Each structure stands twice: as structure tokens, then as C-alpha cells.
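Take a look at the structure set out below.
In the working numbering, the protein residues as written are 9 to 264.
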């Protein structure tokens, strides 16, 4: 991760930047990240994704903040699988939310991270009221002397543009095939194994009881799912119950 321009290698002091929340790091995001790395390699510059922590809506409008497709550690792990050189993390604050697009470009992207070129998705927006859309960013780019490249939408199997909102909707409705199509991988979550009531062991089917890392993680609807479990001893097929356990008269929400 990168906090400021001073941490960059001296031989490659300028950056090609893409900027966003990147929740889910879906196929559309992946294309933007790939193009950013390609442009940086050609120009001999650093490929940098600038993202925010926490999610901007957690600050601007907490009641409207969506559950997350990717928690922070999951997002960084997915970034690490790309050809990016660095990820720049900007703490999202009330003060930052009041920046105009020009202020954000001047103070953060250029002043802090040495931007020479900007790549954005077709529906990009940032700055106060998301006023920094494609056209306004192109105008700022002409004034400041940096190019703005726009990456077209990636379409899902249904022909609709892939977006974090669309993937969230698919997960929330239990359409995990559509969610996987948008993400380019299976939807997943991680948790810490906790001690349960050992009923499964008594029945001859030992279970894992998981405690999720954060309540902000988006889960599919309650039900029974076929899953693939990855752990220290390999990858295994399995069955997961998410929700209450009416067979045992237990209405608490569990994941096992």
C-alpha cells in the first residue's frame, strides 16, 4: 500500500491512476485495473489504484451505506492478484467528502500521488455530490495537462453492464450464478471457526461453525447451499446452512 508520492521509486515518480471504491473488484473493475497497469508499463510510470476506507457512504449517508461484497482484507487480496504496482489508501472523512472534483484532483491525485494519467470506468463519479463525472474530469484533465481515458462497460451474461450494485442485488436475491458471472469468480466469505454444540458430530456429520469477520459483509438469503471450503488441509465440497435451525428449536442466525 502507498500513502504518498514520497514512497514511490525515484526512477518512476509519476503515476497512472484509477480511482474508486472497487467494492467486489468485479469484472468491470478488473478490466480498468488491467488497462491501468498496461498504460503505466508503456509510459514507464507506476500503476496505482486509489481507493477509500471506509466506504464513502458510511460517512456521507450511513443509513444508505450498502453491505459490502468485499471486506478490506479481501479487497487487498484481490488487488494483489492484479498487475498493479501499488494501492493508495485515502481515509474517507467528512472533510474529504466536501472536496470539489478539482480539489480532489489537485490535492489528492496530483499533489499526493503524482498523477500523470487517469483511467476511469464509464459510470465514474467522485467529488462533492459525485460531480466529478467523465465529462467534467476530461475538462479538468485538459486544464491540468493529463489525459483521461474511459474504459467501456463490461456486460454480464444478461447483457446488462456489470456493477457493484447489480452484483449486490444478485447476492441478496440468492442468484449466486449471476453474482459469480459479474465477479468473474464464486462469491465467497471468510470466518473464524468457533465451537458449536457438537450436534453434527453426534449425528456422524461434524460441522464447522463460522463467525464472520464483520457484520458489514453481504450474505445471501437464509437457506442451505452447496459450497466449496478452503482451509489449511485443502479444498473440499460441502453443505452450508445459513440462518436459524428450526429442527433444534434454535431461531438464532448461524452459519455452519
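Just so it is clear, CB atoms sit at the ideal spot from N, CA and C, and this is done for glycine as well. Computed from a prediction, not measured in an experiment: that's the story for all the values here.
Burial state of residue 100 is buried, judged by a 10 Å Cβ sphere holding 16 or more other Cβ atoms. By the neighbour-count criterion, in which 16 or more other beta carbons inside 10 Å mark a residue as buried, residue 47 falls on the buried side. Beta-bridge partners assigned by DSSP to residue 169: 163. In this structure, the CA atom of residue 186 is about 6 Å from the CA atom of residue 178. The alpha-carbon separation between residue 31 and residue 119 amounts to approximately 25 Å. One thing to note: residue 180 has its Cβ no nearer than 8 Å to the Cβ of residue 198.
Here residue 159 is buried, its C-beta having at least 16 other C-beta atoms within 10 Å. A direct Cα-to-Cα measurement between residue 152 and residue 41 gives close to 23 Å. The DSSP-derived three-state label of residue 184 is helix. In the DSSP assignment, residue 194 falls outside any alpha helix (DSSP H), carrying neither H nor E. Residue range 54–61 is occupied by the beta strand (DSSP E) that includes residue 61. A distance below 8 Å between beta-carbons, with the five flanking residues on each side excluded, links residue 39 to the following residues of its chain, in chain order: 159 and 162. DSSP places residue 99 inside the beta strand (DSSP E), whose first and last residues are 94–99.
Within the same chain, 58 come within 6 Å of residue 27 by CB-CB distance, once the 5 residues on both sides are set aside.
Straight-line measurement puts the Cα of residue 133 at about 18 Å from the Cα of residue 43. Excluding sequence positions up to five before and after residue 219, its CB lies within less than 7 Å of the CB of 199, 200 and 202, all in the same chain and listed in chain order. Between residue 92 and residue 98, the C-beta spacing is not below 8 Å. In this structure, the CA atom of residue 72 is about 8 Å from the CA atom of residue 66. By a beta-carbon distance limit of 8 Å, residue 56 contacts residue 96. Their separation comes to about 5 Å.
DSSP, reduced to helix, strand and coil, places residue 39 within a helical segment of the structure shown.
The alpha-carbon separation between residue 196 and residue 131 amounts to approximately 26 Å.
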